[in-house]
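**Q** Just dropping this structure here.
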Amino acid sequence: MSGTATQDPGAPARRARAAVQRFGGRLAGMVLPNIGAFIAWGLCSALFTPAGWLPNPYLAQLNEPMIKLLLPLLIGYTGGSQVHGRRGAVVGAVATAGIATGADIPMFLGAMIVGPLAGWVLKQFDERVGKHVAPGFKMLVDNFSAGIIGGVLAILGMLAIGPVIESATVTLGQGVRLLIGMHLLPLVSVFVEPAKVLFLNNAVNHGVLGPLGVSESMSTGKAIEFLVEPNPGPGLGLLLAVALFGAPAMRSSAPGAMVIQFLGGIHEIYFPYVLAAPRLLLATVAGSAAGVFVFSVTGAGVVATPSPGSVVAVLAVTPKGGFPGVIAGIAASAVVSFAVAALLLKLRREPAAGVAEGGAVS
Numbered sequence: 017m018s019g020t021a022t023q024d025p026g027a028p029a030r031r032a033r034a035a036v037q038r039f040g041g042r043l044a045g046m047v048l049p050n051i052g053a054f055i056a057w058g059l060c061s062a063l064f065t066p067a068g069w070l071p072n073p074y075l076a077q078l079n080e081p082m083i084k085l086l087l088p089l090l091i092g093y094t095g096g097s098q099v100h101g102r103r104g105a106v107v108g109a110v111a112t113a114g115i116a117t118g119a120d121i122p123m124f125l126g127a128m129i130v131g132p133l134a135g136w137v138l139k140q141f142d143e144r145v146g147k148h149v150a151p152g153f154k155m156l157v158d159n160f161s162a163g164i165i166g167g168v169l170a171i172l173g174m175l176a177i178g179p180v181i182e183s184a185t186v187t188l189g190q191g192v193r194l195l196i197g198m199h200l201l202p203l204v205s206v207f208v209e210p211a212k213v214l215f216l217n218n219a220v221n222h223g224v225l226g227p228l229g230v231s232e233s234m235s236t237g238k239a240i241e242f243l244v245e246p247n248p249g250p251g252l253g254l255l256l257a258v259a260l261f262g263a264p265a266m267r268s269s270a271p272g273a274m275v276i277q278f279l280g281g282i283h284e285i286y287f288p289y290v291l292a293a294p295r296l297l298l299a300t301v302a303g304s305a306a307g308v309f310v311f312s313v314t315g316a317g318v319v320a321t322p323s324p325g326s327v328v329a330v331l332a333v334t335p336k337g338g339f340p341g342v343i344a345g346i347a348a349s350a351v352v353s354f355a356v357a358a359l360l361l362k363l364r365r366e367p368a369a370g371v372a373e374g375g376a377v378s
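Each number in the numbering used here comes from the position in the sequence shown (counting from 1) with 16 added on.
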């Protein structure tokens, strides 16, 4: 017997997937603690904008400051906190103010970059310089270092980082609008669903599709972009198929996961099922594409990002008269996702490795 250990050919792929999941988890960690603020913005948009349930021009003034300043600042604050605690959080918020102020679009993605970057820079300073300062000068050095680093990064963000992100987002937005104009928006699902199951859903939704939807919503009163990622239909159809045709361990946990996903809006609950049986990704892609197609055909849209992506939140931000198209799209997503997933599960069943009993995810 050879003493050389046999190399696992699948190990590099698993390591790469784990690295992407960790990265996605960090991005999600900047958004999830601030979901309450997203809900507050969504409710204000649903109620007080011209297309809302209780149009009020005075109260509608809350909408733009919340989406362009408050939410990016909260994300930047949280990102800095992840890296370097309270000091990193403060500097992350200051740095985010630069890109948020100098941009014409909501800088969620920019905040996800600049917030942790500011926290990291301050951490490097504290480890290399701050801890060597005499106790009598420590408070002075800490305050001035945070102020200088935050100010410099805010200026850099306003002059350099923000314009680059804004340009990339605008270019992506032009591509999405081109797909909309050519009635090919369902193709976006080919990119969105794989990103979701790698826990990049919040980055995709709030960093790319959200800002595009904001621009569209401001001019038309609703946007289909808000429905692409939060649509709970694909996850519902997938989990229903798993509950009926999946392996025993998967079947036992799927009903509970279904309630949490569809009514609670926690899409992460179905990601482990897809990762355990990667072919099921075809079901979510097909379901999402079917839903987007129906949304496009019926002219459906909502006034703000549904957060979390539950059917309740989606309907809460649906404008008056828009319920038939939105409900039809969600239903189409669920039916197509269920049909494809059921076919794949019946053709070949796999053990539910990686899916914890009870369907919980971290």
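The C-beta atom is built at its ideal place from N, Cα and C for all residues, glycine as well.
Take V330 and list the residues in its own chain whose beta-carbon comes closer than 8 Å to its own, dropping the five residues that flank it on each side.
**A** Against the sequence shown, residue 330 aligns to sequence position 314. Once the five neighbours on either side are set aside, the close Cβ partners of V330 are L243, P246, N247, P248, V318, P322, V342 and I346.
**Q** I need the straight-line Cα distance from E182 to L133, nearest angstrom please.
**A** Within the sequence shown, residue 182 is the residue found at index 166, counting from 1. Within the sequence shown, residue 133 is the residue found at index 117, counting from 1. One C-alpha to the other measures close to 18 Å.
**Q** Quick one: grab the DSSP three-state call for V319.
**A** On the sequence shown, position 303 is the one that residue 319 refers to. Coil at V319, not helix or strand.
**Q** Roughly how many angstroms separate the alpha carbons of L360 and P294, rounded to a whole number?
**A** In the sequence shown, residue 360 corresponds to position 344, counting from 1. In the sequence shown, residue 294 corresponds to position 278, counting from 1. In a straight line, the C-alpha of L360 is about 11 Å away from that of P294.
**Q** Can you grab the Cα-Cα spacing for the pair G374 / M274, in whole Å?
**A** Start at 1 with the first residue of the sequence shown, and residue 374 comes out as number 358. Start at 1 with the first residue of the sequence shown, and residue 274 comes out as number 258. Confidence is the limiting factor: at G374 the pLDDT is only 41, short of 50, which leaves the residue's position unreliable, though a coordinate-based value still follows. For G374 and M274, the distance between alpha carbons rounds to 11 Å.
**Q** Look at the alpha carbon of L255 and the alpha carbon of A344, and state the distance between them as a whole number of angstroms.
**A** In the sequence shown, residue 255 corresponds to position 239, counting from 1. In the sequence shown, residue 344 corresponds to position 328, counting from 1. Between L255 and A344, the C-alpha separation is close to 19 Å.
**Q** Would L138 and V180 qualify as a contact pair, given that the criterion is a beta-carbon distance under 8 Å?
**A** Position 122 of the sequence shown, counted from the start, is the residue given in the question as residue 138. Position 164 of the sequence shown, counted from the start, is the residue given in the question as residue 180. No, the pair does not count as a contact, with Cβ atoms beyond the cut-off.
**Q** G19 to V310, Cα distance in whole Å?
**A** In the sequence shown, residue 19 corresponds to position 3, counting from 1. In the sequence shown, residue 310 corresponds to position 294, counting from 1. Summary for G19: the model assigns pLDDT 48, below 50, so the residue's position carries little reliability, and this model does not support an answer.
**Q** Whether or not the stretch 95 to 102 and the stretch 56 to 71 are in contact is what I'm after, with contact meaning three or more pairs of Cβ atoms, one per stretch, closer than 8 Å; do they touch?
**A** Counting Cβ pairs under 8 Å, fewer than three are found: no touch.
**Q** Taking only the alpha-carbon atoms, compute the straight-line gap between I91 and E241 and give it to the nearest angstrom.
**A** Indexing the sequence shown from 1 puts residue 91 at position 75. Indexing the sequence shown from 1 puts residue 241 at position 225. In a straight line, the C-alpha of I91 is about 21 Å away from that of E241.
**Q** Cα separation between M123 and L89?
**A** Start at 1 with the first residue of the sequence shown, and residue 123 comes out as number 107. Start at 1 with the first residue of the sequence shown, and residue 89 comes out as number 73. Answer to the nearest angstrom: the Cα atoms are 9 Å apart.
**Q** Find the nearest neighbour of I83 within the set S353, V110, A116 and G281, judged by alpha-carbon distance.
**A** Within the sequence shown, numbered from 1, the residue matching residue 83 stands at position 67. Checked all of S353, V110, A116 and G281; the closest Cα to I83 is A116.
**Q** For I51, which residues from the same chain have a beta carbon less than 8 Å from its beta carbon, with the 5 sequence-adjacent residues on both sides left out?
**A** Against the sequence shown, residue 51 aligns to sequence position 35. Here the set comprises S323 and P324.
**Q** Have a look at F207 and L201 and give me their C-alpha separation to the nearest angstrom.
**A** The count along the sequence shown starts at 1 and reaches residue 207 at position 191. The count along the sequence shown starts at 1 and reaches residue 201 at position 185. C-alpha separation (whole angstroms): 11 Å.
**Q** What is the DSSP secondary structure of A239, counted as helix, strand or coil?
**A** Residue mapping note: residue 239 aligns to position 223 of the sequence shown, counting from 1. Here A239 sits in strand by DSSP.
**Q** Where M155 and P81 are concerned, what is the direct C-alpha to C-alpha distance, given to the nearest angstrom?
**A** What you label residue 155 is simply residue 139 of the sequence shown in a count that begins at 1. What you label residue 81 is simply residue 65 of the sequence shown in a count that begins at 1. Rounded to the nearest angstrom, the two C-alpha atoms are 33 Å apart.
**Q** Taking just the CA atoms, how far does G281 sit from A358?
**A** For the purposes of this step, residue 358 is identified with residue 342 of the sequence shown, where counting begins at 1. For the purposes of this step, residue 281 is identified with residue 265 of the sequence shown, where counting begins at 1. If you take the alpha carbons of A358 and G281, they lie about 22 Å apart.
**Q** Starting from G94 and walking both ways along the alpha helix (DSSP H), at which residues does that stretch end?
**A** Within the sequence shown, the letter at position 78 stands for residue 94. The residue asked about is misnamed: residue 94 is Thr in this sequence, not Gly. Run containing T94: L87 to T117, per the alpha helix (DSSP H) assignment.
**Q** So, with DSSP's three-state summary, where would you put V377?
**A** Counted from its first residue, the sequence shown places residue 377 at position 361. Note on V377: pLDDT 38, under 50, position unreliable in the model; no value is reported.
**Q** Quick check on DSSP: helix, strand or coil for A211?
**A** Translated into the one-based positions of the sequence shown, residue 211 becomes position 195. Looking at A211 - three-state DSSP - the assignment turns out to be helix.
**Q** Just to confirm, is the Cβ distance from I165 to V130 under 8 Å?
**A** Position 149 of the sequence shown holds residue 165. Position 114 of the sequence shown holds residue 130. No.
**Q** Distance, Cα to Cα, A127 vs I171?
**A** Walking along the sequence shown from the start, residue 127 turns up at place 111. Walking along the sequence shown from the start, residue 171 turns up at place 155. Spanning the two alpha carbons is a distance of roughly 14 Å.
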